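Heads up, the thing below is written out as structure tokens.
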Amino acid sequence: MHSRVERFYRGIEAAVRYQAVFHFSLHPENLTESRHGFTLLDDILDRLLCACRSEGIEVLTMSNVVTRMERNQSCSTGTVIPATI
Numbered sequence: 055m056h057s058r059v060e061r062f063y064r065g066i067e068a069a070v071r072y073q074a075v076f077h078f079s080l081h082p083e084n085l086t087e088s089r090h091g092f093t094l095l096d097d098i099l100d101r102l103l104c105a106c107r108s109e110g111i112e113v114l115t116m117s118n119v120v121t122r123m124e125r126n127q128s129c130s131t132g133t134v135i136p137a138t139i
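Just so you know, we're using this note's numbering here: the sequence shown kicks off at 55 and counts up by one.
See below:
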């Protein structure tokens, strides 16, 4: 579980450094792998909140990411690409 937290921290740092997308998913069953699961989740969320406040990190659903990418692509090509639902 600790390695997941470290990967999360490195991913956030890389997203800030390269102004990139960092995709992170955590399944509820992962929280039961260790008796510290919820404490580690709190640590992850605290780090994310700090990055949002200090670095301007945005938290988006995958649907939001797709919509933004489609919008950016249509702006750069002049072609409207319909979003799938």
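Every residue gets a Cβ at the ideal spot worked out from N, C-alpha and C, and that includes glycine. Being a predicted model, the structure only gives us computed values, none of them experimental.
Quick one: Cα of residue 126 to Cα of residue 82, how far? 33 Å
Would a C-beta distance cut-off of 8 Å place residue 62 and residue 98 closer than the cut-off? yes
Classify residue 94: buried if its beta carbon has 16 or more other beta carbons within 10 angstroms, exposed otherwise. buried
Whole runs of the alpha helix (DSSP H) within the segment 67-125, excluding any shorter than 4 residues: 91-109
Please return the same chain residues whose Cβ sits closer than 6 Å to the Cβ of residue 69, not counting the five positions on each side in sequence. 76
What's the call for residue 74, buried or exposed, on a 16-neighbour Cβ count within 10 Å? exposed
Below 8 Å on the Cβ atoms is my contact criterion, and I expect residue 102 with residue 113 to pass it. Report the Cβ-Cβ distance as a whole number of Å. 7 Å
In whole angstroms, give me the CA-to-CA distance for residue 110 and residue 100. 14 Å
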